[in-house]
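S.K.:
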Amino acid sequence: MSLAIALMLNKARRGIGVLRTIYYLPSLFGGSIAVAVLWKIMFMDKGMVNNWLKTLGVSTVSFLGDPKFALPTLRLLEVWQFGSSMVLFLAALKQVPNTLYEAAKIDGANSIKRFFSITLPGISPIIFFCIIMQTLNAMQNFTSAFVITKGGPLHSTYMLGVKLYNDGFKPLMLPNAILIIPRYTIFRDFNVLDSYYPFYLMAAFACYPFFTYMLVQFIRGIPKELDEAAYIDGCGSFGILVRILLPLLKPALFSAGLFQFLWTYNDYFNSLIYISSIKKYTVSLALRMTMDNEATTAWNSIMAMSCLVVLPVVVLFFLCQRYFIEGIATTGLKG
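Add 188 to a position in the sequence shown, counting from 1, and you land on the number used in this note's numbering.
1) Assign phenylalanine 303 to one of three DSSP states: helix, strand, or coil.
2) Residue range of the alpha helix (DSSP H) that glutamine 322 falls in?
3) Smallest Cα separation from glycine 349: which of Ile432, Ile461, Gln448?
4) What are the start and end residues of the alpha helix (DSSP H) that includes glycine 235?
5) Out of curiosity, what's the CA-to-CA distance linking proline 439 and valine 430?
6) Helix, strand or coil: how does DSSP classify alanine 297 here?
7) Which one of Leu288, Ala224, Lys256, Ile294 has the shortest CA to CA distance from phenylalanine 304?
8) What ranges does the alpha helix (DSSP H) occupy inside the stretch 380-462, keeping only unbroken runs of at least 4 residues that lie completely in it?
9) Any idea if asparagine 379 is buried or exposed, counting beta-carbon neighbours within 10 angstroms, 16 or more meaning buried?
10) Exposed or buried, alanine 392, counting other C-beta atoms within 10 Å across all chains shown (16 or more means buried)?
11) Tell me the rounded alpha-carbon separation between leucine 475 and methionine 327.
12) I'd like to know whether the C-beta atoms of methionine 274 and serine 332 end up nearer to each other than 8 Å.
13) Rank Met491, Ala224, Leu450, Phe506 by C-alpha distance to the C-alpha of valine 335 and give the top, closest one.
14) Near valine 267, what residues of its chain come up, given a Cβ to Cβ distance below 8 Å and the 5 sequence neighbours on each side ignored?
15) Expressed to the nearest angstrom, what Euclidean distance is found between the alpha-carbon atoms of alanine 292 and glutamine 448?
16) Residues in its own chain within less than 7 Å of leucine 360 by CB, not counting five upstream and five downstream?
17) Could you check where the alpha helix (DSSP H) with serine 464 kicks off and where it finishes?
18) Might you give, ordered along the chain, the residues of its own chain that have their beta carbon closer than 7 Å to the beta carbon of proline 255, omitting 5 neighbours on each side?
19) Just checking my contact of serine 494 with leucine 226 at CB under 8 Å: how many whole Å lie between their CB atoms?
20) Just the C-alpha distance for lysine 412 and phenylalanine 406, rounded to the nearest angstrom, thanks.
21) Can you tell me which of Val237, Leu389, Leu308 puts its alpha carbon nearest to the alpha carbon of threonine 261?
22) For lysine 338 and isoleucine 300, what's the separation of their Cα atoms in angstroms?
23) Would you report the Cα separation of glycine 310 and lysine 242, rounded to the nearest angstrom?
24) Going straight from the alpha carbon of leucine 389 to that of isoleucine 368, what length do you get?
25) What span of residues does the alpha helix (DSSP H) with methionine 230 cover, start to end?
26) Which whole-angstrom value is the C-beta distance of methionine 477 and alanine 444, which I expect to be below 8 Å?
27) Counting C-beta neighbours from all protein chains within 10 Å, is the total for serine 459 16 or more, i.e. buried, or is it exposed?
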């Protein structure tokens with residue numbers, strides 16, 4: 189689905205920027221607890237989906253209470269958030285030279301043959317990268333399973349992230365985890381728990397490899413002739429970085445900063461682990477706290493709060509989407 193939509197959005201037409209924004213919006217919310225809350229409201233036994241089924245005269249389904257439907261319902265949420273892969277595919281498609289397509293047309297190749305002979309081989313590294321990243325994201329899923337089903341029913345959605353939290357952090361015992369536990373112990377030794385410093389430190393020390401990969405791909409699009417010309421003119425390595433690379437990297441750095449803000453704003457798992465004081469709760473933790481007692485949950489208020497939580501993200505991306513798309517879907521120099 190991501191590749192098909194990227195192929196459609198790769199064509200220049202009026203309003204293409206708006207279409208890209210609309211298609212990417214679901215992924216803006218990522219692991220946002222607000223989206224998980226909205227998904228729960230939609231698919232719970234008395235939710236909107238079952239109300240629609242009643243209106244159509246169809247029997248209702250216990251999407252979150254039946255083990256047969258609980259996991260597919262959560263997976264549907266992941267499929268809906270396809271925008272990240274779509275943007276990567278879009279960036280890869282823009283790197284395939286148009287001259288190859290023009291030569292193939294002259295040789296009589298139709299669109300299907302051009303796709304399998306030129307497009308797929310040209311973007312195969314990105315396809316492999318997206319498969320790996322989506323697999324890792326599925327293994328690390330926590331927010332949707334914890335907020336929507338809490339690992340149930342009958343452990344049908346008891347994912348690795350939920351097990352790590354229940355078996356490790358909830359009883360305050362540290363199991364032999366690979367990534368979360370070492371970070372937690374380091375931040376504990378530095379006495380920065382129950383503060384926002386863990387988020388600052390993770391961002392400062394490149395704990396998000398996606399940004400490294402994105403910047404490497406961007407830098408590879410900058411001609412080496414610029415470096416060589418600068419060396420000939422007597423410019424040192426630091427001067428090349430400041431005068432050539434950084435100005436060209438502005439779109440990519442802007443995109444990385446926007447990504448970092450969105451992911452930190454939507455982060456629930458790390459906030460749950462590192463923040464314990466109510467006065468320091470992030471919006472995700474505060475929204476989740478209102479759902480602790482489901483017997484008295486006012487779903488209309490929860491729905492309103494969820495909409496308010498996602499509103500700043502939508503406004504920010506709408507205002508900055510031109511720079512964001514430019515940073516992701518172009519290389520160091522425009523052709």
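Beta carbons are placed, not taken as given, at the ideal position from N, Cα and C, and that holds for glycine. Fair warning: this is a prediction, and the values are worked out from it, not measured in the lab.
M.R.: According to the data block:
1) Residue mapping note: residue 303 aligns to position 115 of the sequence shown, counting from 1. Looking at phenylalanine 303 - three-state DSSP - the assignment turns out to be helix.
2) Looking up residue 322 in the sequence shown gives position 134. Counting along the chain, the alpha helix (DSSP H) containing glutamine 322 begins and ends at 308-327.
3) As a first step, residue 349 must be located in the sequence shown, where it is residue number 161. The shortest Cα separation from glycine 349 among Ile432, Ile461, Gln448 belongs to Ile461.
4) Walking along the sequence shown from the start, residue 235 turns up at place 47. Segment: none, glycine 235 is in no alpha helix (DSSP H) and carries neither H nor E.
5) Within the sequence shown, residue 439 is the residue found at index 251, counting from 1. Within the sequence shown, residue 430 is the residue found at index 242, counting from 1. Looking at the two C-alpha atoms, the distance is approximately 15 Å.
6) Residue mapping note: residue 297 aligns to position 109 of the sequence shown, counting from 1. In this structure, alanine 297 counts as coil in the three-state DSSP scheme.
7) The residue labelled residue 304 in the question sits at position 116 within the sequence shown. When only C-alpha atoms are compared, the closest one is Leu288.
8) 385-392, 397-408, 412-420, 425-428, 434-454, 457-462
9) In the sequence shown, residue 379 corresponds to position 191, counting from 1. Flag for asparagine 379 reads exposed.
10) The residue given as residue 392 occupies position 204 in the sequence shown. Looking at its Cβ environment, which holds fewer than 16 other Cβ atoms inside 10 Å, alanine 392 is exposed.
11) Locating residue 475 in the sequence shown gives position 287, where the first residue counts as 1. Locating residue 327 in the sequence shown gives position 139, where the first residue counts as 1. Distance between the alpha carbons of leucine 475 and methionine 327 is about 24 Å.
12) Within the sequence shown, the letter at position 86 stands for residue 274. Within the sequence shown, the letter at position 144 stands for residue 332. No; because the gap between Cβ atoms is not below 8 Å, this pair is not in contact.
13) Stepping through the sequence shown from its first residue, residue 335 is reached at position 147. The residue with the shortest Cα to Cα distance from valine 335 is Ala224.
14) Here residue 267 corresponds to residue number 79 of the sequence shown, with the count starting at 1. Excluding positions up to five away in sequence, the list reads Met189.
15) In the sequence shown, residue 292 corresponds to position 104, counting from 1. In the sequence shown, residue 448 corresponds to position 260, counting from 1. Approximately 40 Å between the Cα atoms of the pair.
16) Here the question's residue 360 lines up with position 172 in the sequence shown. With a pLDDT of 39 at leucine 360, under the threshold of 50, the modelled position of this residue cannot be trusted, and the question is left open.
17) Locating residue 464 in the sequence shown gives position 276, where the first residue counts as 1. Note, serine 464: premise wrong, no alpha helix (DSSP H); not H, not E.
18) Here residue 255 corresponds to residue number 67 of the sequence shown, with the count starting at 1. So the list reads Pro341, Leu342, Ser344, once near-sequence residues are dropped.
19) For the purposes of this step, residue 494 is identified with residue 306 of the sequence shown, where counting begins at 1. For the purposes of this step, residue 226 is identified with residue 38 of the sequence shown, where counting begins at 1. Indeed, because the Cβ distance is near 5 Å, the residues count as touching under 8 Å.
20) Indexing the sequence shown from 1 puts residue 412 at position 224. Indexing the sequence shown from 1 puts residue 406 at position 218. Cα to Cα, lysine 412 sits roughly 13 Å from phenylalanine 406.
21) Looking up residue 261 in the sequence shown gives position 73. That would be Val237, whose Cα lies nearest to the Cα of threonine 261.
22) For the purposes of this step, residue 338 is identified with residue 150 of the sequence shown, where counting begins at 1. For the purposes of this step, residue 300 is identified with residue 112 of the sequence shown, where counting begins at 1. Cα to Cα, the separation comes out at about 45 Å.
23) Looking up residue 310 in the sequence shown gives position 122. Looking up residue 242 in the sequence shown gives position 54. So the two alpha carbons sit approximately 48 Å from each other.
24) One-based indexing of the sequence shown puts residue 389 at position 201. One-based indexing of the sequence shown puts residue 368 at position 180. Answer to the nearest angstrom: the Cα atoms are 14 Å apart.
25) In the sequence shown, the residue the question calls residue 230 occupies position 42. Run containing methionine 230: 221-231, per the alpha helix (DSSP H) assignment.
26) Translated into positions along the sequence shown, residue 477 becomes position 289. Translated into positions along the sequence shown, residue 444 becomes position 256. In fact, because the Cβ distance is near 31 Å, the residues do not count as touching under 8 Å.
27) Here the question's residue 459 lines up with position 271 in the sequence shown. Under this definition serine 459 is a buried residue.
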